[in-house]
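Engineer: Residue numbers (the working numbering): 6 to 650. By construction, the Cβ of each residue, glycine as well, lies at the ideal position given by its N, Cα and C atoms. Sharing a structure with you now.
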């Protein structure tokens, strides 16, 4: 069945220009993840400003390719039968024109980090909240209507809320345009505790199922009324112009709120309906309160506050793949599992919080992907469709195994044996191919001189750890071979480290090498690397990978560790904590409660335009906080997982 939908609705008279909307309101984003690589991300107005923003993004079944299904709801409130509808849903259209009034009705109430927003419409308050269940591709949006505190009237208050789901149904890297291939049919659904509809715009993608609960059935109506919203525009990305696309809306949802504090829960899922959205909302909300209480902890210093806030969202990055393997998403909205990012972030996201079993699960889950000593630069659904490059991911894997063994001296014997064998495979393969280019190091965005020093440091550390494992296993021949290789690698690292002493492009690599306990560097060499980094890379909120580059938070983890290795008990922990404390404002911009890959320091215009959450930054700052003893002990017990739908 081809598209037979009506023309796009005209913009109402409330359409305004960009200057009329507070840029700060649009810039503050929230994030919720489903534990399977999917997410919901938007701003306080739920007005997508980027093509990867939306309420339901999930991998296409059988792949790791993320698709955006539900962009947003276009919402309108009928507070009085004799008055015109007040449009809450905000969209940006071609020419930078906005339609909707939500920004004018926004109140200070709400939780920016969790997508909770409160609007005042006359004497009414309309509260919009969002939750994402773990374990499936779905999103729940709850609408509550109540009287404003200044209103004394009692009794019924007939209010109608109209909702239109706007569907994109396309890959994240693509844009949707009105087309005749779309199937515009809508199937109505009814269950004991909900009503709703199902549609499948494109046969190659799963169906989108929306159900509504919380109100009496007669108070919920679904009116099949397909329509295209055309010319939806996204703000220009750095180096490119604005992009526009069309969204399809299959139906209009009418919700009647007759009593104060009445709530309706609208659940949108892929393929399978959520039969009782209101009950699932109650369960998810209860578990979220428990998780927030467990993560809050006794934060008595700014560094402890920073650690607690990041720890509370650290599980957003942990995801279960289709084959049941636990992995780490590189970040959001730019998701995906990258080998280097996974093993850089892993110790901080798990071990620093006492999540030892989760760390072991990620490490052991990666073993089936090991091919000729290499782990993927980017993980697919299996080894066959994963991308392999050099040995950088494998060497960071060895470093993560080393940290796991140090944190868990009584680790499970079978896991120790499996991981030790994998370390041997990596070292043997890398020793036979010493000239292999580590192209996968490019994700760290280090200048070439720094990348070379880091590769040398990773190799030295891996050989040192491998020789210790061989000694412990009683394999003298292997231990001897490792020590010989280590002697050559140590000499190469010392030489490259000293050669880069006067090169600002090598400062980040020298700092990273200085943070490796097994690197053959004397305290004085580590001190010189720290001084060079402070002189050439330091920024108000992080360190720069090289001259002229945006500041990144994750390098502060190496800075803290290198300082403690160089100075020991004499290290100025107060000064180190002050460097971390400067990151606190970053948790209130971009994606709230998450650190981005780059910091928005003064002059970092590109960083300010990337509201992304980065696993590497979160993991390394958590690890640095743990090294300074600033990670609240309560966060190390792990928060209760959210219920699956």
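(1) Look at residue 458 and residue 549 and say whether their C-beta atoms are less than 9 Å apart.
(2) Under 9 Å between the Cβ atoms of residue 386 and residue 69?
(3) Got a sec? Which residues, its chain only, sit under 6 Å from residue 262 by beta carbon, not counting five neighbours each side?
(4) Are the CB atoms of residue 517 and residue 571 nearer to each other than 9 Å?
(5) So, with DSSP's three-state summary, where would you put residue 58?
(6) Rounded to the nearest angstrom, how far is the Cβ of residue 252 from that of residue 181, given a contact under 8 Å?
(7) Do you know whose CA, among 60, 315 and 31, lies nearest residue 651's CA?
(8) If you scan the segment 460-542 from start to end, which runs of the alpha helix (DSSP H) of 4 or more residues do you find wholly inside it?
(9) For residue 409, report the span of its alpha helix (DSSP H) as first-last.
(10) Taking C-alpha atoms, which residue in 566, 230, 221 and 219 lies nearest to residue 193?
(11) Ends of the alpha helix (DSSP H) at residue 361?
(12) Output the residue ranges of the beta strand (DSSP E) runs that lie fully inside the segment 287-362 and measure 3 residues or longer, sorted by chain position.
(13) Which residues in the same chain have their Cβ closer than 6 Å to the Cβ of residue 120, if we skip the five residues on either side of it in sequence?
(14) What do you reckon, are the CB atoms on residue 552 and residue 541 nearer than 9 Å?
(15) Please name the residue, chosen from 127, 82 and 234, that lies closest to residue 673 on a Cα-to-Cα basis.
(16) Please report the straight-line C-alpha distance between residue 197 and residue 220, rounded to a whole angstrom.
(17) Who are the Cβ neighbours of residue 456 in its own chain at under 6 Å, not counting the five residues just before and after it?
(18) Note the first and the last residue of the continuous alpha helix (DSSP H) segment covering residue 102.
(19) For residue 132, which of helix, strand or coil comes out of DSSP?
(20) What does a CB cutoff of less than 7 Å around residue 475 pick up in its chain, not counting 5 residues either side in sequence?
(21) By alpha-carbon positions, which one of 601, 334 and 82 ends up nearest to residue 258?
(22) If contacts are defined as beta-carbon pairs under 8 Å, then residue 269 and residue 227 qualify, I think. What distance do you get, rounded to the angstrom?
(23) Can you give the Cα-Cα distance for residue 479 and residue 399, rounded to whole angstroms?
(24) Under the assumption that residue 557 contacts residue 633 (Cβ atoms under 8 Å), give the Cβ distance between them as a whole number of angstroms.
(25) Assign residue 424 to one of three DSSP states: helix, strand, or coil.
(26) Report the three-state DSSP secondary structure of residue 687 (helix, strand or coil).
Structural biologist: In terms of the structure at hand:
(1) Pairing residue 458 with residue 549 gives a Cβ-Cβ distance that is not under 9 Å.
(2) Using a Cβ distance threshold of 9 Å, residue 386 and residue 69 count as a contacting pair.
(3) Closer than 6 Å at Cβ, skipping near neighbours: 150 and 164.
(4) Not a contact, by the Cβ cut-off of 9 Å.
(5) Note: residue 58 maps to coil in three-state DSSP.
(6) So it is a contact: roughly 7 Å between Cβ atoms.
(7) Missing from the structure shown is residue 651; the chain here goes from 6 to 650 and no further.
(8) The segment 460-542 contains these whole alpha helix (DSSP H) runs: 481-504, 512-519 and 528-541.
(9) Here the alpha helix (DSSP H) through residue 409 covers 397-412.
(10) Ranking 566, 230, 221 and 219 by Cα distance to residue 193 puts 230 first.
(11) Taken as a continuous stretch (DSSP letters only), the alpha helix (DSSP H) holding residue 361 covers 361-371.
(12) For the segment 287-362, the continuous beta strand (DSSP E) assignments of 3+ residues that do not extend past its boundaries occur at 323-325 and 331-333, in sequence order.
(13) Once the five neighbours on either side are set aside, the close Cβ partners of residue 120 are 35 and 135.
(14) Yes, the pair counts as a contact, with Cβ atoms nearer than the cut-off.
(15) Outside the modelled stretch of the chain, which goes from 6 to 650, sits residue 673, for which no answer is possible.
(16) Cα-Cα distance, rounded: 12 Å.
(17) Once the five neighbours on either side are set aside, the close Cβ partners of residue 456 are 446.
(18) Per DSSP, residue 102 belongs to no alpha helix (DSSP H); it is in the beta strand (DSSP E), 102-104.
(19) Here residue 132 carries a strand assignment [DSSP, helix/strand/coil].
(20) Non-local beta-carbon contacts of residue 475 in its own chain, meaning distances under 7 Å to residues more than five positions away in sequence, involve 483, 484 and 487 in chain order.
(21) Scanning 601, 334 and 82 for the CA closest to the CA of residue 258 turns up 82.
(22) Between the beta-carbon of residue 269 and that of residue 227 there is about 12 Å, and that puts the pair past the 8 Å contact cut.
(23) Distance from the CA of residue 479 to the CA of residue 399, rounded to the nearest whole angstrom, comes to 24 Å.
(24) Rounded, the Cβ-Cβ distance is 19 Å, inconsistent with contact.
(25) The DSSP-derived three-state label of residue 424 is helix.
(26) No answer is possible for residue 687: it lies beyond the span of the chain, which begins at 6 and ends at 650.
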